[in-house]
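Number of protein chains: 2
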Amino acid sequence: MNIQELFGIALPIIQAPMAGVQTSALAIAVSNAGGLGSLPCAMLTADVLRAELEAIAAQTRQPYNVNFFCHTPPEPDPERETRWRAALAPYYAEFGIDPASVPTGGGRSPFSAELADLLQAFRPPVVSFHFGLPSPELLRRVKSWGAKVLSSATTVAEARWLEANGADAVIAQGLEAGGHRGIFLSDDLTTQIGTMALLPQVVRAVRIPVIAAGGIADAPGVKAALALGAAGVQVGTSYLLCPEATTTALHRAALKSGRAEHTALTNLITGRPARGMLNRLMKELGPLSAAPPAFPLATAALAPLKAGAEQRGRDDFSTLWSGQNASGCRELPAAELTRALAAL
Amino acid sequence: MNIQELFGIALPIIQAPMAGVQTSALAIAVSNAGGLGSLPCAMLTADVLRAELEAIAAQTRQPYNVNFFCHTPPEPDPERETRWRAALAPYYAEFGIDPASVPTGGGRSPFSAELADLLQAFRPPVVSFHFGLPSPELLRRVKSWGAKVLSSATTVAEARWLEANGADAVIAQGLEAGGHRGIFLSDDLTTQIGTMALLPQVVRAVRIPVIAAGGIADAPGVKAALALGAAGVQVGTSYLLCPEATTTALHRAALKSGRAEHTALTNLITGRPARGMLNRLMKELGPLSAAPPAFPLATAALAPLKAGAEQRGRDDFSTLWSGQNASGCRELPAAELTRALAAL
Numbered sequence: 035m036n037i038q039e040l041f042g043i044a045l046p047i048i049q050a051p052m053a054g055v056q057t058s059a060l061a062i063a064v065s066n067a068g069g070l071g072s073l074p075c076a077m078l079t080a081d082v083l084r085a086e087l088e089a090i091a092a093q094t095r096q097p098y099n100v101n102f103f104c105h106t107p108p109e110p111d112p113e114r115e116t117r118w119r120a121a122l123a124p125y126y127a128e129f130g131i132d133p134a135s136v137p138t139g140g141g142r143s144p145f146s147a148e149l150a151d152l153l154q155a156f157r158p159p160v161v162s163f164h165f166g167l168p169s170p171e172l173l174r175r176v177k178s179w180g181a182k183v184l185s186s187a188t189t190v191a192e193a194r195w196l197e198a199n200g201a202d203a204v205i206a207q208g209l210e211a212g213g214h215r216g217i218f219l220s221d222d223l224t225t226q227i228g229t230m231a232l233l234p235q236v237v238r239a240v241r242i243p244v245i246a247a248g249g250i251a252d253a254p255g256v257k258a259a260l261a262l263g264a265a266g267v268q269v270g271t272s273y274l275l276c277p278e279a280t281t282t283a284l285h286r287a288a289l290k291s292g293r294a295e296h297t298a299l300t301n302l303i304t305g306r307p308a309r310g311m312l313n314r315l316m317k318e319l320g321p322l323s324a325a326p327p328a329f330p331l332a333t334a335a336l337a338p339l340k341a342g343a344e345q346r347g348r349d350d351f352s353t354l355w356s357g358q359n360a361s362g363c364r365e366l367p368a369a370e371l372t373r374a375l376a377a378l
Numbered sequence: 035m036n037i038q039e040l041f042g043i044a045l046p047i048i049q050a051p052m053a054g055v056q057t058s059a060l061a062i063a064v065s066n067a068g069g070l071g072s073l074p075c076a077m078l079t080a081d082v083l084r085a086e087l088e089a090i091a092a093q094t095r096q097p098y099n100v101n102f103f104c105h106t107p108p109e110p111d112p113e114r115e116t117r118w119r120a121a122l123a124p125y126y127a128e129f130g131i132d133p134a135s136v137p138t139g140g141g142r143s144p145f146s147a148e149l150a151d152l153l154q155a156f157r158p159p160v161v162s163f164h165f166g167l168p169s170p171e172l173l174r175r176v177k178s179w180g181a182k183v184l185s186s187a188t189t190v191a192e193a194r195w196l197e198a199n200g201a202d203a204v205i206a207q208g209l210e211a212g213g214h215r216g217i218f219l220s221d222d223l224t225t226q227i228g229t230m231a232l233l234p235q236v237v238r239a240v241r242i243p244v245i246a247a248g249g250i251a252d253a254p255g256v257k258a259a260l261a262l263g264a265a266g267v268q269v270g271t272s273y274l275l276c277p278e279a280t281t282t283a284l285h286r287a288a289l290k291s292g293r294a295e296h297t298a299l300t301n302l303i304t305g306r307p308a309r310g311m312l313n314r315l316m317k318e319l320g321p322l323s324a325a326p327p328a329f330p331l332a333t334a335a336l337a338p339l340k341a342g343a344e345q346r347g348r349d350d351f352s353t354l355w356s357g358q359n360a361s362g363c364r365e366l367p368a369a370e371l372t373r374a375l376a377a378l
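Top to bottom, those sequences are chains A and S.
Going letter by letter, the first sequence gives residues 35 to 378 in the numbering used here.
Going letter by letter, the second sequence gives residues 35 to 378 in the numbering used here.
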């Protein structure tokens with residue numbers, strides 16, 4: 035079954051949920067164009083989430099997707115926090131920031147019963163998760179209003195696990211993809227494989243529809259994924275320059291520059307590996323480091339550095355998520371981009 | 035221009051040269067089936083190379099490819115050699131090997147004027163290189179008999195370099211590929227990207243034909259690569275179970291097992307990063323390590339350990355090259371496999 039049938043949409047395109055660089059506006063534009071727009075919810079408060087869902091309800095009658103993280107929040111670990119702050123100490127000094135003034139804490143909350151209550155009133159037709167699936171009880175709640183449930187697999191084993199645990203379709207997230215790796219059964223990054231290898235093996239391993247993600251930037255990429263057996267594709271990076279995205283000016287400039295040819299997986303931004311263009315912090319500490327605390331606790335200590343540098347027009351500490359193929363980025367309305375992706 | 039026109043062959047398939055697991059027999063079978071068979075020459079003495087070229091001349095009139103490495107041999111570094119032997123000392127003890135009896139030295143020689151002399155008598159129609167290109171003088175020699183010259187690019191920058199320096203076509207080697215990474219402009223492995231991302235960006239960056247490699251295991255993979263703009267594909271791993279390959283019984287058994295789902299880049303076998311299934315050495319030292327000396331000097335110290343373990347039926351130190359998609363491995367004659375790959 036292809037995703038047009040699965041979700042009741044016109045085109046085989048899912049706009050990837052991208053926390054921090056988009057709101058409902060991008061999702062609405064994509065859904066109204068015939069793709070599946072996605073609202074990333076991991077960084078939203080309940081009040082903002084409600085307002086966003088109301089905006090979607092008011093502006094489209096087409097299916098859409100809401101995306102949540104479902105990690106287990108870590109116990110704060112003072113020793114790791116101290117090590118992280120020590121690694122950042124020279125930067126605090128450079129930017130004249132008093133380390134004692136920098137709060138600790140989260141920034142990304144997992145899916146919860148409270149959020150399920152909130153969602154239930156809106157009955158979003160598709161709910162996707164990253165880092166596995168929520169508890170069986172929460173999953174039942176989501177399915178109770180008929181929502182289709184998706185999650186990302188970064189290995190064949192994860193795809194099998196998601197199928198066995200109730201996903202209606204699986205996103206095969208190749209190593210090329212921007213943002214957070216969905217990896218959840220292992221923390222060994224050598225298990226992470228490219229889309230060209232992951233997708234056909236997942237298609238062979240599960241019976242549910244498989245959505246391809248990672249490195250797909252334009253219509254030939256979509257065509258290639260469908261040739262490999264994908265039921266549809268999820269595209270993120272290509273949407274980052276759309277006017278509906280909230281991508282910062284610094285991030286847009288980096289995407290349009292030669293810097294977009296080189297990304298790396300880094301755990302410095304949140305504590306979990308995610309792909310982005312290299313900023314100064316990644317270059318100086320190494321993109322994968324033992325310094326940051328567990329996800330999502332790395333973020334708080336960086337916030338004032340990010341703000342301080344950005345005030346000076348610098349992206350030294352900024353989040354510059356991008357996949358390995360930014361060649362599809364276009365300053366085009368998202369509806370046009372969606373139709374262009376599906377122009378097979 | 036597709037590779038059928040470029041090389042004068044019937045099918046868009048190059049059998050990847052795989053040193054250590056094949057001889058001329060595999061190349062001959064593929065060329066006679068309409069693909070481009072490849073002879074890996076990096077580990078052959080001049081006498082063996084001559085005999086192999088004679089075998090090819092006697093058994094096929096179709097075009098074929100000979101492949102050479104073109105690294106600069108390193109100066110032996112006693113300090114690094116000592117560190118490597120120290121890392122291996124517990125294994126020497128376990129296998130009852132006197133470390134003093136273990137020779138140092140190379141094992142893989144780069145392309146040279148002597149090899150060009152030898153080739154010239156046979157005028158191979160295609161010559162491919164790994165790790166860049168040989169000197170302009172040597173390249174002129176190879177082109178003097180009309181050979182088409184190929185080399186692998188692992189980044190867009192390497193593809194541009196190869197085009198500027200005389201390659202007739204470039205192999206876009208995605209991160210999924212088995213065996214040695216062709217990387218030559220950098221030693222930063224974060225630059226290495228998946229086929230789905232690399233291929234279309236290389237196609238856009240150069241005017242010469244682009245051959246896709248990495249993760250392509252079957253006809254849908256070939257179709258996907260062609261959809262992304264490839265002029266043809268290079269397939270390696272899928273040929274490893276063919277009767278014409280010299281893949282060892284241990285290597286074949288690993289490929290047919292669940293172990294083939296997990297590969298890693300390792301520098302332990304030769305000193306340069308190459309992709310293979312995990313053996314005991316990779317698990318215990320970590321697949322990427324500071325311990326081994328520069329390519330290709332790591333190999334000599336491992337040889338008696340490999341032999342000792344293999345005598346006991348174990349692949350603890352064996353070379354188990356594989357790409358990230360072994361799902362196309364079939365115990366099929368290479369001619370049948372070649373035709374199946376091209377059955378679009």
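We put the CB at the ideal spot given by N, CA and C, even for glycine.
- The beta carbon of ARG175 of chain S is closer than 8 Å to those of ALA147, ALA150 and GLN154 in its chain, skipping five residues each way along the sequence.
- In the DSSP assignment, ILE62 of chain S falls within the unbroken alpha helix (DSSP H) covering 58–66.
- CA-to-CA, the gap between GLY357 of chain S and ALA211 of chain S works out to about 5 Å.
- Under the DSSP assignment, MET316 of chain A falls in the alpha helix (DSSP H) whose first and last residues are 314–319.
- C-alpha of LEU184 of chain S to C-alpha of GLU278 of chain S: approximately 24 Å in a straight line.
- For the pair of segments examined, the stretch 260–267 of chain S was found to touch the stretch 236–248 of chain S: the number of CB pairs separated by less than 8 Å reaches three.
- As computed with DSSP, GLN207 of chain S is found in a beta bridge with S:ALA247.
- PHE351 of chain A is not a Cβ neighbour of LEU322 of chain A, given a cutoff of 8 Å.
- Its Cα nearest to that of MET77 of chain A, the residue A:THR304 stands out among A:THR300, A:THR304 and A:ALA120.
- At the C-beta level, LEU331 of chain S and THR138 of chain S come within 8 Å of one another.
- Restricting attention to alpha helix (DSSP H) runs no shorter than 4 residues, the stretch 48–125 of chain S encloses them at 58–66 and 80–93, ordered along the chain.
- Under the 8 Å criterion on CB atoms, MET230 of chain S is classed as interfacial with respect to chain A.
- Between the alpha carbons of ARG293 of chain A and ASN359 of chain S lies a distance of about 30 Å.
- Restricting attention to A:ALA127, A:PRO158, A:GLY69 and A:SER220, the CA atom closest to the CA of ALA343 of chain A is found in A:ALA127.
- Against LYS257 of chain S, the close residues of chain A are ALA261, in the order they occur along the chain (beta-carbon pairs closer than 7 Å).
- Judged by beta-carbon spacing, ILE62 of chain S lies beyond the 8 Å limit of ILE48 of chain S, meaning their Cβ atoms are not closer than that value.
- Beta-bridge partners of HIS214 of chain A (DSSP): A:ALA308.
- By the Cβ-count criterion, GLU370 of chain S is exposed, with fewer than 16 other Cβ atoms from all chains shown falling within 10 Å of its own Cβ.
- The beta carbon of PRO307 of chain S is closer than 8 Å to those of HIS214, ARG215, ILE217, LEU223, LEU299, THR300, ASN301 and LEU322 in its chain, skipping five residues each way along the sequence.
- Segment contact: the stretch 185–193 of chain S against the stretch 162–170 of chain S, three or more CB-CB distances shorter than 8 Å; contact assigned.
- In this structure, the straight-line span from the alpha carbon of THR282 of chain S to that of TRP355 of chain S is close to 11 Å.
- Residue nearest to GLY362 of chain S within the set A:ALA91, A:MET311, A:ALA181 and A:MET230 is A:MET230 (criterion: CA-CA distance).
- At a cut-off of 8 Å between beta carbons, ARG215 of chain A makes no contact with chain S.
- Counting every other CB atom within 10 Å of its CB across the protein chains shown gives LEU378 of chain S a total below 16, marking it as exposed.
- Distance from the CA of GLU39 of chain A to the CA of ALA374 of chain A, rounded to the nearest whole angstrom, comes to 20 Å.
- Secondary structure within the stretch 230–277 of chain A: the alpha helix (DSSP H) runs of 4 or more consecutive residues, fully enclosed, are 253–261 (chain order).
- Looking at the backbone, the Cα of PRO110 of chain A and that of LEU122 of chain A are separated by about 18 Å.
- Among the residues facing chain S, GLU365 of chain A is not included, as its CB has no counterpart in that chain under 8 Å away.
- Of all residues in the stretch 340–361 of chain S, only GLY357, GLN358, ASN359 and SER361 come within less than 8 Å of chain A when Cβ atoms are compared, listed by chain position.
- Less than 8 Å divides the Cβ of GLY71 of chain S from the Cβ of VAL64 of chain S.
- Beta-bridge annotation (DSSP): LYS177 of chain S is not paired with any residue.
- Going by DSSP, LEU299 of chain A is part of the beta strand (DSSP E) stretching over 297–300.
- DSSP places LYS182 of chain S in the uninterrupted beta strand (DSSP E) bounded by 182–187.
- When DSSP reads this structure, PHE156 of chain A sits in no beta bridge, so it has no partner.
- Cβ-Cβ distances below 6 Å link ALA89 of chain S to SER58 in the same chain, with the five nearest sequence neighbours on each side left out; the list follows chain order.
- Per DSSP, GLU344 of chain S is one residue of the alpha helix (DSSP H) stretching across 332–345.
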